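Quick note, my numbering runs 26 ahead of the 1-based positions in the sequence shown. Below is one structure, written out as structure tokens; comments come after it.
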Amino acid sequence: MDTDTVTEVIENKTNVVKKGHILEEFIEAEEIREITDSLANIYTDQIAVELAVERFTVIVDEYQEQPHLMDPHLESMLTRLLNIARNTANDPQLCHLAFKCLYLITKTRGPKIVVRLLPHEVSDLESTLSLLAQQNAKDYEHWETRYMLLLWLSIICMIPFDMSRLDSNVRSEVGEVREPIMLRIINASKTYLDVPDKSRDAASMLISKFLTRHDVKQQRLPEFLDWALKALGEINRESLAGMTALSGVLATLALLFKQGKREDIVQYAPVVLERIIACKLHEIENTQVHKLGIKLLQRLGLTFLKTRVASWRYQRGSRSLAENLEVAGSDGKDGKQESTDVQMEEEEEYDIPEEIEEIIDQLLAGLKDKDTIVRWSAAKGIGRVTGRLPQELADQVVESVLELFSLQESDGAWHGGCLALAELGRRGLLLPERLPEVVPVVLKALTYDEKRGSYSVGAHVRDAACYVCWAFARAYDPEVMRVHVKKIANALVIAMVFDREINCRKAASAAFQENVGRQGTFPHGIDIATTADYFAVGNRSHTYLTISVYISQFEDYTLSLIDHLYQVKISHWDSAIREVTSQALHNLTCKAPEYMTKTVLPSLVPLTTGIDLNTRHGALLAVAEITHALSILAAQNGQSIGDILDAKTLDGMKDITRKMDIGKMFKGISGNILRPAACKLIEKLSLSKVPFHGDDIIEHWQFILDENIIGLQRTEVDIQSYAIAALSALCNEYYRRSDGTAIPEIQAKLIDTYIKELRSVNIMAKMGAGLALGTLPKFMLMGKLSKIFKGLITATEVIKTEARFAEGRRDALKSLSSVSNTVGVETNGSPENVICKDNINMLYTALLAALKDYSLDQRGDVGAWVREAAMESLRDLTILVVQHDPSLLTPDICKRILQDLLQQATEKIDRTRACAGDAFLKLLHNDIPIPHIPEREKLLQIFPKSDLLMLNWSAPSDAFPKMTQLLSLPIYRYHVLLGLTVSVGGLTESLVKHSSQSLLAYLKEHCSEEQQLDIFTDALLKVFTDYQKEDRVSIPMMKMVDLLLSSGSLEIYVEHEKHPFPVSLHSHVRKEILRCGDPQKILTSIDVFCGLIQFGGDTRKKSLTQLLIFLCHKYPKVRKTTANKLYETLLVYDDVVEEEEKQDQVLGVLSETKWDEPVETVRPLRNQLCDMMDVPRPVPKTKANNTAGPGGQTS
């Protein structure tokens, strides 16, 4: 696939993502109709019903975000389903199914829309009530039916006829007069107020609508309220059922006071309020109860107060753009006169009930609730109630809300306060005179962050503060907000660029964009809103390091961004934020270099040794990054860092690490945080070329780096990488003489120290020393190269006592590659200075030897890390050598490199296989051809250049079909087969599947004749011989042999009884299990021995003998497995026991015997099998002649 094609595919995928989930019409209307019509035919078939309901659900759920598209077909869909559901002749199961589909439509379109389309004639009332009466409230399977019936009743009960006229004197079957319609509806609804499903919500809605009817409220409302208030006091609050019932009653009361007319229900409000307060709902640990209690309180408050629009509220004016433009085009007198008339209205004088104070207190307390949903409900209640209060009392409410923004209050109170301010502002109840008090509070909330242990709270507060800013943008005229614009703009920019949480950044971006559009006075608003849009701020690194730089070009924001970073964010509790903050300060330095030099740096230097750990860490990183940025600016102007920083600042930076060391700040847990930062400081100061040459501080810096390179114990934090990066910068700046050579004393001491630590028993020291040698600059290596190579090569060798130190060997190999790239290649150069003909063979020998590292520990195959490092080093070194002098590569080296890489490319670990494959292809297709590659042309045919991009080595399905083709190349056959053995006999399903399929396909295509098969089996036996008793290869080998035997790939040998392969294979397997106590290996060998039975003659006899010996093995698992496998084998190969009668007896003994019984019990039966199969009875080993048999069995 070429680059253009790849680009086209990416663009197509991008366009699909951009298009999103946009629908234009309800295209499945016909399918819904078909499903509806089919319900009557399939309702008895459970599978068909499940499929139909699932498809119905998928279709309607598709329109959750655009439910209005269903409207043209909604009525017809509802009618069809209702015709099925209310037909009394239909089976109840069919009716339930129709109601379920009705619910699914209601869920998507919404009950308020659907209920209007339900039939609501007088004739529907009785039938619906009867259907509801037939339902079982405890039937959890069909709650959708009850929900839809109650919802349907809620619209039917609004018919404009007196309910008493619908009552009849018809007697029931037992002769009793039926209850009045009113009572039946109320009683039915009460039944469902304490159920835990959705029908409770529909019952609440039904009662609230029904009891507020003119003819019902006079007769039944007081009675129901008495029942509800009594229930509130009697409900068991300790049980789940009690909480469910309490929620139902509260929801019903809230809806009653919402639906009813004020003059009808105000008389009951004081009693209800008294009971609600007496219930102390806030003491109940139930979020739903708290929310419904707050909702009921606000409805009571609205009932106490007359419905009115406060004449004192702030009105921005017309929201219509056309009308605003017309007013702007005229003299504006009409609009101004209208506004003046409103302001001149006199407020109606009336008394505010005493209960309002209690209600407002409860709502204010709700703003501090621990649950967001409760705080949100309380905030809306505050806004609604305040809108009906006189200005003086409303101002007191605002004052109370502002009191929530105190350091003594919880994060919940701050969040609730922000929600309340947004509601008040949105409704015009927060007058402009209050903005000087409100805006500072909102700005504090935008940066609210309270640390609690290892985490912080405050994201919800900052998010709510953004909502306040969004609401203010819509509520106030630009002239009112003008004096606050700069502060709000800067605060929102800081939040959308530097907030830790993505939802807060997006909320701030939305609020900023709203302000830009509504206010129009935000400095450079359009430019910023375009760059830092809702999606751009999703990536935190992008906002910190790119968007902040763009915004900082506008002077209105530059200093506020920098101030926030160095005053707030460097002390953030999250170390990742402190690190990215320092990088952001580096990028912003060029926007205000003088401010950084004279204000920021002098402020940060003392903080590096302060009390707070987070501040110390952040300050260290910030000082390092700012200094480096200033040095770059100075160099661009032909100056040094010493020219732009004063002596006091330089002295302060010089003493940082010494003070930290004296204060023992590098010890303990805090040291794990500060050590990387101190190393970063040393690195950046060295890169900045601070004038400390010859100062004793350099020696102290080297001491700190050595402590972190070779003096560490194992830690979870990667400290060494920071120290090693700093070492390279330190050497380049302070250990080089004017002529470009190293200072001899320092060079010798440094290299000798690290070479010595390569032999350390401390794995961290060994790793650090290896990496440190690899990062040294070229001038430090001159004259010491042989010594360094020998030390690193020694560190790559596997020592039995240090086999688990794989990380040390890995890092030593990486350093060999790094040093080689640093010094370069010169054919006739000195081995003390460069890679040359005298030392290149030593390097290749070490790297190829590392490919044999298969060390294991409790973490698994840790040798894979070493092999991967060796392969990468081989690739880099070979390419480097070819670029300078290809003649340095001998044919033997090239052959061994390719063989070993191809072996690794067929092994079982995906990551290792990918590493080997990548190295192999890059060498095969190198721009400068690698010399002496065996079978180059055939390799190029199998692996064309396009495989560099297209071949996924990690996927077994891609790699193995290509790798098995190499089995036809003699020079690679052994190594490919060795790697393939480990994969075919592996454990991962996909690996075994694809490697086995590829091997069998190769054998079928290329080994159909005996001569070709002999070549393959000879290589197989050679691998088996070379790795005898090496479980890493021998166990997978037996699994692979079993696959070949069972698949028929070796059928050619069945016809040749005297062919040596079966005998040799039997001999190898028997040697493998000799004196073996590993049950897994023995169990694997059983399959092979069973497979060998297909060969006649000696092989069959020996295999049967071995299997019969296993029938008396000391492990019951081995005995039982052998019997099962042998039974299956004898069924397949029915010529093993010639007489049919004997065969039946043999099979009977194998299947009926309990082989996990003691050996003494099963031995006679085993001997009986030997006699029937004409196999000599195994002779038990005596104690005098205690040489264990194969597999440690007892014969």
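Heads up, the beta-carbon is just placed ideally off N, CA and C, and yes, glycines get one too. Only a predicted model underlies this, so the values are computations on that prediction, with no experimental measurement involved.
| Smallest Cα separation from C530: which of C121, F561 and Q545? | F561
| query | What do you get for L351, buried or exposed, if any count of 16 or more other CB atoms within 10 angstroms of its CB means buried? | reply | In this predicted model, L351 has a pLDDT of only 38, less than 50, meaning its place in the structure is not dependable; the value taken from the coordinates is given anyway. It counts as exposed.
Leaving aside the five residues before and after I769 along the sequence, list all residues of the same chain whose C-beta is less than 8 Å from its C-beta, in chain order. Contacts found: Y761, R762 and R763.
**Report entry** Outcome for W253 when other beta-carbon atoms lying within 10 angstroms are tallied against a minimum of 16
**Finding:** exposed
inquiry  = DSSP three-state label for K1140, please.
reply    = coil
Please list, in chain order, all residues of the same chain as P1142 whose beta carbon is under 6 Å from its beta carbon, the five residues on each side excluded.
D1182
> By Cβ distance below 8 Å, which residues in the same chain neighbour E101 in space, the five residues on each side in sequence not counted?
Replying inline: Here the set comprises L143.
- Rounded straight-line distance, which links the Cα of K964 to that of D600: 56 Å
- Message: Can you give me the C-alpha to C-alpha distance between I85 and E54, rounded to a whole angstrom?
- Response: 7 Å
request  = May I ask you to report which of helix, strand or coil DSSP gives Y89?
outcome  = coil
TODO: Could you pull out every residue in the same chain whose Cβ sits closer than 7 Å to the Cβ of G855, ignoring the five residues on either side in sequence?
DONE: C862
- Excluding five sequence neighbours on each side, which residues of the same chain lie with their C-beta closer than 7 Å to the C-beta of G454? R339, Y340, Q341 and A501
Need the endpoints of the alpha helix (DSSP H) that K934 sits in, please. Note, K934: premise wrong, no alpha helix (DSSP H); not H, not E.
For A768, the residue or residues it bridges with in DSSP
R762
C-beta contact flag for S567 and V606 at 8 Å = Yes, these two residues count as a Cβ contact at 8 Å.
### Query
In whole angstroms, what separates the C-alpha of Q746 from that of L738?
8 Å
Point to revise | C-beta contact flag for K394 and G438 at 8 Å | key: yes
| query | What does a CB cutoff of less than 7 Å around A618 pick up in its chain, not counting 5 residues either side in sequence? | reply | T584, L585 and I588
With DSSP as the reference, identify every bridge partner of Y481, one or two as the case may be. R478
Checking 8 Å against the spacing of the C-beta atoms, do S1022 and L1071 come in under that value? S1022 places its beta carbon 8 Å or farther from that of L1071.
| said: Short of 7 Å in beta carbon distance, which residues of its chain neighbour V242, apart from the five on each side in sequence? Order them along the chain. | reply: M189, M208 and F236
* Asked: How many Å lie between V1144 and Q909 at the Cα?
  -> 59 Å
How should V702 be labelled, buried or exposed, when 16 other C-beta atoms within 10 angstroms of its C-beta is the threshold for buried?
Sequence inspection shows Pro at residue 702; the Val mentioned does not correspond to that position. P702 should be labelled buried.
Using C-beta distances below 8 Å, list every residue in its chain close to E705, excluding the 5 sequence neighbours before and after it, in chain order.
Note that residue 705 corresponds to Cys in the displayed sequence, not to Glu. Counting only Cβ-Cβ distances below 8 Å, and skipping sequence neighbours, we find I730, L731, N734, I745, Y748, A749, A751 and A752.
ask   = How far does the alpha helix (DSSP H) with M269 in it reach, from first residue to last?
value = L266 to Q285
- Between the CA atoms of L49 and Q293 - distance to the nearest angstrom: 51 Å
*asked:* Taking contact to mean 3 or more Cβ pairs, one atom from each stretch, closer than 8 Å, check whether the stretch 423-435 and the stretch 309-318 are in contact.
replied: These segments do not touch.
Rounded separation between P1184 and Y1153 - CA only: If you take the alpha carbons of P1184 and Y1153, they lie about 20 Å apart.
Practice task
Tell me whether L144 sits in a helix, a strand or coil according to DSSP, three-state version.
Solution key: coil
- prompt: How many Å lie between A1226 and L299 at the Cα?
  reply: The chain is shown only over 27 to 1221; residue 1226 falls outside these bounds and no answer can be derived.
Cα-Cα separation between L975 and R893, rounded to whole angstroms: 23 Å
Report task. Let me know if K971 comes out buried or exposed under the rule of 16 or more other beta-carbons within 10 Å of its beta-carbon. Result -> exposed
Q.
Could you tell me the alpha carbon to alpha carbon distance between P1206 and I1135, rounded to whole angstroms?
A. 10 Å
In its own chain, which residues sit with a C-beta less than 7 Å from the C-beta of L1017, not counting the 5 before and 5 after it?
K934, P982 and S1009
Examine the Cβ distances between the stretch 58-78 and the stretch 120-133 and report whether three or more of them are shorter than 8 Å.
-> yes
Starting from the C-beta of G800, find all residues in its chain whose C-beta is less than 7 Å away, skip the five residues before and the five after it, and write them out in chain order.
-> K840, S841, S844 and V845
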